[in-house]
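**Q**
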Amino acid sequence: MTNQNVRVATIAQLTTGSSADLGLMHVQTENLLLWTTRGQGVVNLQGERKGFGTHNAIFVPAGKIWSIEIGRQTLGQAAIVPDNVADAFPNESQLLRIQDGLAQSELTGLIEDMRREILQDRAFVGQALSSQATLLAIWLQRQMQHQPPAPKRKAATRLVRRFCDIAAAEYTSGKTMADFAEMLNVTPTHLTRVCRQSAGMTAADILAQCVIHSARKQLETSTTSFKAISEELGFASAAYFTRFIQQHCGATPTTIRQRASHKVQTS
Numbered sequence: 633m634t635n636q637n638v639r640v641a642t643i644a645q646l647t648t649g650s651s652a653d654l655g656l657m658h659v660q661t662e663n664l665l666l667w668t669t670r671g672q673g674v675v676n677l678q679g680e681r682k683g684f685g686t687h688n689a690i691f692v693p694a695g696k697i698w699s700i701e702i703g704r705q706t707l708g709q710a711a712i713v714p715d716n717v718a719d720a721f722p723n724e725s726q727l728l729r730i731q732d733g734l735a736q737s738e739l740t741g742l743i744e745d746m747r748r749e750i751l752q753d754r755a756f757v758g759q760a761l762s763s764q765a766t767l768l769a770i771w772l773q774r775q776m777q778h779q780p781p782a783p784k785r786k787a788a789t790r791l792v793r794r795f796c797d798i799a800a801a802e803y804t805s806g807k808t809m810a811d812f813a814e815m816l817n818v819t820p821t822h823l824t825r826v827c828r829q830s831a832g833m834t835a836a837d838i839l840a841q842c843v844i845h846s847a848r849k850q851l852e853t854s855t856t857s858f859k860a861i862s863e864e865l866g867f868a869s870a871a872y873f874t875r876f877i878q879q880h881c882g883a884t885p886t887t888i889r890q891r892a893s894h895k896v897q898t899s
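Shown next, in the form of structure tokens:
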């Protein structure tokens, strides 16, 4: 459901299709607010792995790395807002446990208002959605103020978040783990260890998942050549890109694209 690039979807709709595999670490390209009304799961926000449950608001700003594992019984809604539509959203990922009934109703109402505006597609819909997105951001900022004080992050956690922020901008650069470690003034071994402790995976795994997610999305939703995709993602050659995809996805780029095309034709 879309208008002016603002979208509203259920969590089930958001997670449908392999190109939208949210279980892989990836860079969020637009502001995303998830509102869970049932169920539970695990979210990885900038290298911090946390559990979430019913009446939790998960916010991921554009440009941040994250992933989510959603239980089968999990229900909820999502609002996706481009960065240029509203500027009141926070700059850091958030996991908020909303216990106040009024706040819960307010968020549900805000998302439903956006859904109705998109469906009706009336005059000035763009201005209306921009205003509603700002109200959504204000709701989020207010709830952040009402949360109990968070414990100070450990040095290791702060290092992992710094790595994820750099990786979000540099994962397509072809830089090695030694390069990333040098940028953070630590050894590759230490960076690997702290990422495993905080994120449940190594720094190399985080980078690889970002590349896989981006590659699969392009293979499944575009006709861009394999050579162009490989260059964009920092591979030295299309042959190396093909081997990487085969190793991590169990299929060649050609097969992945053909499968996606077949799904579209038969849907």
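Quick note: the sequence shown uses the working numbering, first residue 633, plus one each step. The beta carbon of each residue, even a glycine, is placed where N, CA and C say it ideally should be.
#1: By how many angstroms is the C-alpha of residue 742 removed from the C-alpha of residue 763?
#2: Can you check whether the CB of residue 803 is closer than 8 Å to the CB of residue 839?
#3: To which residues does DSSP link residue 727 through a beta bridge?
#4: So what's residue 857 in DSSP terms, helix, strand or just coil?
#5: Between 766, 711, 862 and 689, which lies nearest to residue 719 when the distance is taken from Cα to Cα?
#6: State the Cα-Cα distance for the pair residue 691 and residue 866, rounded to the nearest angstrom.
#7: Considering only the beta carbon of each residue, do residue 689 and residue 739 sit closer than 8 Å?
#8: Would you tell me roughly how many angstroms separate the C-alpha atoms of residue 845 and residue 697, rounded to the nearest one?
#9: Please name the residue or residues paired with residue 676 in a DSSP beta bridge.
#10: Which partner residues does residue 874 have in the DSSP bridge list?
#11: Quick check on DSSP: helix, strand or coil for residue 595?
#12: Within 10 angstroms of its Cβ, does residue 859 collect 16 or more other Cβ (buried), or is it exposed?
#13: Taking only the alpha-carbon atoms, compute the straight-line gap between residue 894 and residue 645 and give it to the nearest angstrom.
#14: With distances taken Cα to Cα, identify the nearest neighbour of residue 847 among 647, 656 and 642.
#15: Please name the residue in 878, 756, 700 and 779 whose C-alpha comes closest to that of residue 735.
#16: Do you know whose CA, among 675, 647, 640 and 732, lies nearest residue 749's CA?
#17: Give me the residue from 849, 721, 857 and 807 with the minimum Cα distance to residue 664.
#18: Nearest-angstrom Cα distance between residue 801 and residue 760?
#19: Give the DSSP-derived three-state secondary structure of residue 818 in the structure shown.
#20: Which two residues bound the contiguous alpha helix (DSSP H) that contains residue 740?
#21: Buried or exposed, going by whether 16 or more other CB atoms sit within 10 Å of the CB of residue 725?
#22: Taking the beta strand (DSSP E) that residue 945 falls in, what are its first and last residues?
#23: Is the distance from the Cβ of residue 710 to the Cβ of residue 666 below 8 Å?
#24: Measuring only the C-alpha atoms, how far is residue 809 from residue 835?
**A** Once the coordinates are examined:
#1: Here residue 763 corresponds to residue number 131 of the sequence shown, with the count starting at 1. Here residue 742 corresponds to residue number 110 of the sequence shown, with the count starting at 1. Residue 763 and residue 742: Cα-Cα distance of roughly 11 Å.
#2: By 1-based counting over the sequence shown, the position of residue 839 is 207. By 1-based counting over the sequence shown, the position of residue 803 is 171. Yes, these two residues count as a Cβ contact at 8 Å.
#3: Along the sequence shown, read from residue 1 onward, the residue named residue 727 stands at position 95. Partner(s): 690.
#4: The residue labelled residue 857 in the question sits at position 225 within the sequence shown. Three-state DSSP puts residue 857 in coil, outside helix and strand.
#5: Here residue 719 is taken as the residue at index 87 of the sequence shown, counted from 1. Measuring from the Cα of residue 719, the nearest candidate turns out to be 766.
#6: Start at 1 with the first residue of the sequence shown, and residue 691 comes out as number 59. Start at 1 with the first residue of the sequence shown, and residue 866 comes out as number 234. Here the alpha carbon of residue 691 sits roughly 29 Å from the alpha carbon of residue 866.
#7: Walking along the sequence shown from the start, residue 689 turns up at place 57. Walking along the sequence shown from the start, residue 739 turns up at place 107. Result yes, Cβ atoms of residue 689 and residue 739 sit closer than 8 Å.
#8: By one-based count along the sequence shown, residue 845 stands at place 213. By one-based count along the sequence shown, residue 697 stands at place 65. Residue 845 and residue 697: Cα-Cα distance of roughly 11 Å.
#9: Locating residue 676 in the sequence shown gives position 44, counting from the first residue. Looking at the DSSP assignment, residue 676 forms a beta bridge with 681 and 699.
#10: As a working note, residue 874 is residue 242 in the sequence shown. DSSP, once it has assigned bridges, lists no residue as partnering residue 874.
#11: Absent from the model: residue 595. The displayed extent of the chain is 633 to 899, so no value can be given.
#12: In the sequence shown, the residue the question calls residue 859 occupies position 227. Residue 859 comes out exposed.
#13: By one-based count along the sequence shown, residue 894 stands at place 262. By one-based count along the sequence shown, residue 645 stands at place 13. Near 20 Å, if we compare the C-alpha coordinates of residue 645 and residue 894.
#14: In the sequence shown, residue 847 corresponds to position 215, counting from 1. The shortest Cα separation from residue 847 among 647, 656 and 642 belongs to 656.
#15: Sequence index remark: in the sequence shown, residue 735 carries index 103 (1-based). Ranking 878, 756, 700 and 779 by Cα distance to residue 735 puts 779 first.
#16: What you label residue 749 is simply residue 117 of the sequence shown in a count that begins at 1. Of 675, 647, 640 and 732, the residue nearest in Cα terms is 640.
#17: The count along the sequence shown starts at 1 and reaches residue 664 at position 32. For residue 664, the nearest C-alpha among the options comes from 721.
#18: Looking up residue 801 in the sequence shown gives position 169. Looking up residue 760 in the sequence shown gives position 128. Within the model, the alpha-carbon separation for residue 801 versus residue 760 is close to 32 Å.
#19: For the purposes of this step, residue 818 is taken as the residue at position 186 of the sequence shown. Residue 818: coil per DSSP, three-state reduction.
#20: Looking up residue 740 in the sequence shown gives position 108. Taken as a continuous stretch (DSSP letters only), the alpha helix (DSSP H) holding residue 740 covers 733-752.
#21: Within the sequence shown, residue 725 is the residue found at index 93, counting from 1. Buried, because 16 or more other Cβ atoms sit within 10 Å of the Cβ of residue 725.
#22: This structure leaves residue 945 out entirely; the chain is present only between 633 and 899.
#23: Within the sequence shown, numbered from 1, the residue matching residue 710 stands at position 78. Within the sequence shown, numbered from 1, the residue matching residue 666 stands at position 34. Yes; because the gap between Cβ atoms is below 8 Å, this pair is in contact.
#24: As a first step, residue 809 is located in the sequence shown; it is residue number 177 there, counting from the start. As a first step, residue 835 is located in the sequence shown; it is residue number 203 there, counting from the start. About 8 Å.
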